[in-house]
Amino acid sequence: MEPIEILLVEDNPGDVRLTREALRDSKLHNNLSVVEDGAEALAFLRREGSYSGAPRPDIILLDLNLPKLSGREVLQEIKKDESLRRIPVVILTTSDDEQDILASYDLYANCYITKPVDINRFVTIVKSIENFWFSIVKLPPVR
Amino acid sequence: MSAVMQLKESTRLIIDYGTAVLAALMAVLLSAVFWADIVNSQYIFVIMAVAFVAWFGGFLPGMVTAIISFMLVNYFLISESFTFNLNPADQLRTFFLWIVVFIISMALELRLRSVDALQASRDQLQAILQNVAEGVTVQAGDGKVMYVNRAATEMLGFKANDDMMDMTLSAIEQTFELCDESGSPMSFSDLPSRQALRSGQPARRTIQIGQKSGGSRRWLIMKSTPITDENNRASMVVNVLTDITERRQYEEDLMRLNGQLERASTRINNILTNVPGIIWEGSGEPGSDPGQNIDFVNGFAEKMLGYSVEEWMTTPNFWQKLVHPDDWKAAMIRAQEIFSQGNQGTIQFRCVAKDGHEVWVESHSTIILDNRGNPVGVCGAVMDVTERAKAAQDLARSADELRRSNEELQQFAYVASHDLQEPLRMVTSYLQLIEQRYSEKLDDDAREFIGYAVDGASRMKALINDLLAYSRVETRRTQFTLVDFHVVIDRVKTNLKLAIEESGTTFEVDDLPRLMADEGQMVQLFQNLISNAIKFRAEEPPKITIKATRQRGEWQFCVGDNGIGMEKQYLDRIFIIFQRLHSKGKYPGTGIGLAICKKVVERHGGRIWAESAPGQGTTFNFTLPNLMLKEKAAGNTNGTH
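So the sequences go chain by chain: W and V.
1 is the number of the first residue of the first sequence in this note's numbering; add one for each residue after it.
1 is the number of the first residue of the second sequence in this note's numbering; add one for each residue after it.
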């Protein structure tokens, strides 16, 4: 079975590590790619520059506060792009600001999650994401 | 008139000629009776009759008498009686007699004519004197009144001319009261008539005279001219009286008006000099080619803008010199608009004073119209509003700053929700990771330390969240809807389910209204109050009563508990942010909850206060304005669309 391709767009190495830790014990075989800003995220998705050999992710975990291009802008670009818009985008952010939540859904985010403080809850959430999107949800066929 | 005169004339003719005939008959009769005695003067009676008739009737009646008497005497009395024949001696005598009676009649005719003429001219003179506007009186040398004309009679307050005739000096003094020109009483001996009689020289004086018994008093100019006899003594005096009462009245009115005018003009001048604004008047159209010329400006103009009144009034198109070049065009467009509409208007612009400093002014102008309604000029007041303009600018600047600071606050709230929490999460998460991953390598102390660190971090998170909630009460957009407070309480109960169950809290909820409010904030408000009541409970399980009563224009809510209560002096402090009454160990919390409550209530236009005593529980009261009717209608309209 092919590993699940996950793209994490996150500029905080601490969060990257936590996500990695949470996914380490996963039942599903996964391959986590990490980019640190919005511009890189789009380059990765469009296989531009050094990302020419990048895999097409099965799911994108997108932070909102990012250097260069913000998470909102990245989301907008993804949902505008016909070849990318079917990839589920999970907004994973510290913000619980109402405006952020509304704006994300208005830009067709697939779901919005506020990162919890408690490590155990964080691990649970990451596992839930994996479980929900890859065991429960029927995703559109690729190509 | 002429008919009457003709009648008079014919009556006179009848009388004259009747008398002529009668006188002739009488003369003949007398001659007949005394014929023997008057041998040498047979015609004496005839001559007397002719003279008598001619005295009264003139030449022709005299001649008629003569003819009749001569004929009768000749026929009856002269020898050869009963014939008209005369002897030559008688013929000669008769001829002379005819000459005599002719001359007598002629002479008497002339006399009669001169008497008539004299009478006519006397009548004329009398009529003139009676009808002149001047009063005329004549007094004799002893002061007795000899003549009064109508005008004098009226001036002196009498009805008929005769009322004054023959008045003596003492009668005059008893009848009249006198004042001199200045209005003070005057002696009769100072009257010009007396002076003229005394000195024999003309005299004149202005007097006020009236009768003691009342009636009007008149102002008269009295001119007295004496008439002197051959010894140069005044035998009488002619007084001419000119009534100047009306003239005096006019003069007095004029003087009073002049006084009023002077006072008014002094007052206006005072006002104009002291009013703290420029008052001006100009002719011509503003902004037209020759421009407007200033016809008048008050003294304050120099104080306010430095240019002298002279400069204002002599510089053509002075406004252009005065108005700030940047404001000139706009001000002129507005001024022309006001001018062409011929009404009033206010313009704000800047002026440049003579020393160069800028003055904000407000110009109120009224257009002057000619009698056909065409605008011909402008008058107005120009006030210095620099301070007001500056205050308005300051206000606008503060509003700008406030808006900016509000935006910054929102920005801060966002940063807090995001960037402050991330490092906190790192601390907590990695401490927990250490605790889990290296559990067997840590001793109890290490685990305890980690526990404190995690607790601290989570308290900090709570603090940040509460601060965020506090700041969002104001920055949140207004979204009032019709809120059912039973629904609000139910939602709070759901949110606090665990705490309610654990503490065994019971509720007693009265009928609650439905009001226009921000529902989310109402939940926040009740949740904070209810969780407070649960948190600060006494030994027995909490019992919370919720009531609402209608007041004038608002609803008052009461949320009461049976908790530990508090000292009266703390009742105000509890609503201040970060104010806590208890240690964190005993009653955890951030000290923001009630501050949020206060802010929510105030944002809704209400008040909040608490009543409590230690051990007696606490009641929180707050009011919400009853916006229901108006806002509900608006809400319904929105709902149907």
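Here a beta-carbon is modelled for each residue, glycine too, at the ideal position from N, C-alpha and C.
Using a Cβ-Cβ cut-off of 7 Å, V/LYS461 is close to VAL117 of chain W, given in chain order.
Going by beta carbons, V/VAL238 and V/GLU134 fall outside the 8 Å limit. Within the DSSP secondary-structure output, V/ARG205 pairs in a beta bridge with V/MET222. Among the CB atoms of chain W, none fall inside 8 Å of the CB of V/GLU519. As the crow flies, the alpha-carbon of V/ASN293 is around 22 Å from that of V/ILE268. Per the DSSP secondary-structure output, V/PRO185 pairs in a beta bridge with V/CYS179. By the Cβ test, the region 55–70 of chain V is not in contact with the region 117–131 of chain V, since fewer than three Cβ pairs between them sit closer than 8 Å.
At a cut-off of 8 Å, the C-beta of V/GLU422 has a neighbouring C-beta in chain W. No residue range can be given for W/PRO141, since it is assigned to no beta strand (DSSP E) and is classified by DSSP as neither H nor E. Its Cα nearest to that of V/ARG552, the residue V/THR623 stands out among V/ASP370, V/ARG93, V/THR623, V/THR314. Collapsing the DSSP output to three states places V/ILE577 in coil. Less than 8 Å divides the Cβ of V/ILE464 from the Cβ of V/ALA416. For the C-beta of V/HIS418, the chain W residues within less than 7 Å are, from N- to C-terminus, ASN65, THR94, SER95. In the three-state DSSP reduction, W/TYR112 falls in the strand class (E or B).
Taking the beta carbon of V/GLN432 as reference, the chain W residues within 8 Å of it are ASP118, ILE119, ASN120, listed in sequence order. Along the region 4–37 of chain W, the positions whose C-beta sits under 8 Å from a C-beta of chain V are ASN12, GLY14, ASP15, LEU18, GLU21, read in chain order. Across the structure, V/ALA391 and V/GLU358 are spaced so that their CA atoms are roughly 15 Å apart. Around the CB of V/PHE95, fewer than 16 other CB atoms lie within 10 Å, so the residue is classed as exposed. When beta bridges are read from the DSSP output, V/ASP243 appears opposite V/LEU220. The beta carbon of V/GLU181 lies closer than 7 Å to those of THR206 in the same chain, with the five residues before and after it left out. Burial is judged here by how many other beta carbons sit within 10 angstroms of a residue's own beta carbon; W/VAL90 has at least 16 and is buried.
Comparing alpha carbon positions, the residue from V/ILE576, V/ARG111, V/ALA453, V/VAL145 closest to V/ILE596 is V/ILE576. Contact between V/LEU409 and V/SER471 holds: CB atoms are separated by about 6 Å, below the 8 Å threshold. Not flagged as an interface residue toward chain W: V/MET522, since no C-beta distance is shorter than 8 Å.
Pairing V/LYS598 with V/GLN616, the inter-Cα distance amounts to about 23 Å.
Shown here, V/ALA462 sits in a helix according to DSSP, grouped into three states.
Annotation: the continuous alpha helix (DSSP H) that includes V/ARG437 extends over 421–437. From the beta-carbon of V/ARG425, the residues of chain W found nearer than 7 Å are THR94, LYS115, VAL117.
From the beta-carbon of V/THR428, the residues of chain W found nearer than 8 Å are VAL117, ASP118, ILE119. When CB distances to chain W are screened at a threshold of 9 Å, the residues of the region 442–473 of chain V falling below it are VAL454, ALA457, SER458, LYS461, ASN465, LEU468, ARG472, in chain order. Using a Cβ-Cβ cut-off of 7 Å, V/TYR438 is close to nothing in chain W; its nearest Cβ partner there is about 13 Å away. Ranked by how close their Cα comes to the Cα of V/MET106, the residues V/VAL454, V/TRP55, V/SER531 have V/TRP55 in first place. Remark: C-beta atoms of W/ILE60 and W/ASN31 do not approach each other more closely than 8 Å.
With a cutoff of 8 Å on beta-carbon distance, V/LEU433 and W/ILE119 are scored as near each other.
The region 213–225 of chain V makes no contact with the region 254–265 of chain V, as fewer than three CB pairs between them are under 8 Å.
Across the set V/LEU191, V/LYS329, V/PHE176, the C-alpha of V/PHE176 shows the shortest separation from the C-alpha of V/SER213.
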